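What follows is a set of notes on a single structure, which appears directly below.
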Amino acid sequence: MALTNRPRTVSGYGTAAGTGTFAVLILVAVCGSPWYVGWAAVHTDPDGAGGWFLRLLAWPAWRFGVGEGADGISGTDLRAVLLVAFAAALLYLLPASQVARVPGSLSQFFSGWSAYVLAAALAALVATLLGTDASLLVSFQSAGTGATYGFFAGWIVGLASLGGRA
Numbered sequence: 005m006a007l008t009n010r011p012r013t014v015s016g017y018g019t020a021a022g023t024g025t026f027a028v029l030i031l032v033a034v035c036g037s038p039w040y041v042g043w044a045a046v047h048t049d050p051d052g053a054g055g056w057f058l059r060l061l062a063w064p065a066w067r068f069g070v071g072e073g074a075d076g077i078s079g080t081d082l083r084a085v086l087l088v089a090f091a092a093a094l095l096y097l098l099p100a101s102q103v104a105r106v107p108g109s110l111s112q113f114f115s116g117w118s119a120y121v122l123a124a125a126l127a128a129l130v131a132t133l134l135g136t137d138a139s140l141l142v143s144f145q146s147a148g149t150g151a152t153y154g155f156f157a158g159w160i161v162g163l164a165s166l167g168g169r170a
């Protein structure tokens with residue numbers, strides 16, 4: 005006798021929040037890595053749409069112990085950590101199938117996308133407020149940049165959310 009009302013799924017598929025969180029980890033780990041950030045800065049055209057997008061993907065840049073001055077956690081490192089943490093939390097807090105009138109793929113996609121937009125804006129805001137040059141204006145501007153990143157990169161997380169059950 006089952007004590008919970010869990011939907012039956014095909015084994016091997018995770019939840020939409022789980023697959024979305026996995027996509028966030030991959031996106032931040034790969035596109036935020038020092039190697040990708042350096043490659044995007046040198047090998048992309050900042051005046052073209054493709055180059056702009058590839059450079060935007062490098063926004064959660066992290067350096068954890070790489071290069072000079074690696075004695076502590078920097079603001080960009082904190083931003084990357086907070087992005088993953090907030091995205092995971094919001095992906096679990098925004099269950100698409102429960103908030104949508106008609107549960108399905110479209111609601112999962114938009115739930116994952118919106119969670120990433122909010123997570124990026126919040127991560128930028130909090131990381132800037134906790135940084136060394138903390139001011140409200142700079143924090144708001146940083147949150148706007150984070151929301152822009154989340155809007156243009158969040159569809160990747162939204163698509164990944166389609167791969168799991170609600």
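Numbering of the sequence shown is given in the numbering used here, commencing with residue 5 and proceeding in unit increments. Glycine included, C-beta positions come from ideal geometry on N, C-alpha and C. Quantities reported herein were computed from a predicted structural model and do not represent experimental measurements.
Assigned secondary structure, residue i (DSSP; H/G/I helix, E/B strand, else coil)
i, result
"THR136", "coil"
"THR48", "coil"
"LEU61", "coil"
"GLY24", "helix"
"SER37", "coil"
"SER143", "helix"
"SER115", "helix"
Exposure of residue i, with buried meaning 16 or more beta-carbon neighbours within 10 Å
i, result
"ASP137", "exposed"
"VAL142", "exposed"
"TRP43", "exposed"
"SER109", "exposed"
"VAL46", "exposed"
"LEU139", "According to the sequence provided, residue 139 is Ser. The question's Leu does not apply to it. Flag for SER139 reads exposed."
"ALA53", "exposed"
Cβ neighbours of residue i in the same chain (closer than 6 Å, five flanking residues each side left out)
i, result
"ALA65", "GLY36, VAL41 and THR80"
"ALA147", "ALA125, ALA128 and LEU129"
Contact test: residue i Cβ vs the ligand NAP heavy atom, cutoff 8 Å
i, result
"PHE144", "You won't find the ligand NAP in this model; it holds no ligand whatsoever."
Continuous alpha helix (DSSP H) stretch holding residue i: start and end
i, result
"ARG67", "Careful: ARG67 lies outside any alpha helix (DSSP H) and carries neither H nor E."
"GLY98", "Inspection of the sequence shows that residue 98 is occupied by Leu rather than by Gly. Per DSSP, LEU98 belongs to no alpha helix (DSSP H) and is neither H nor E."
Same chain only: Cβ atoms within 7 Å of residue i, ignoring 5 sequence neighbours per side
i, result
"ALA62", "CYS35, GLY36, TYR40, VAL41 and ALA44"
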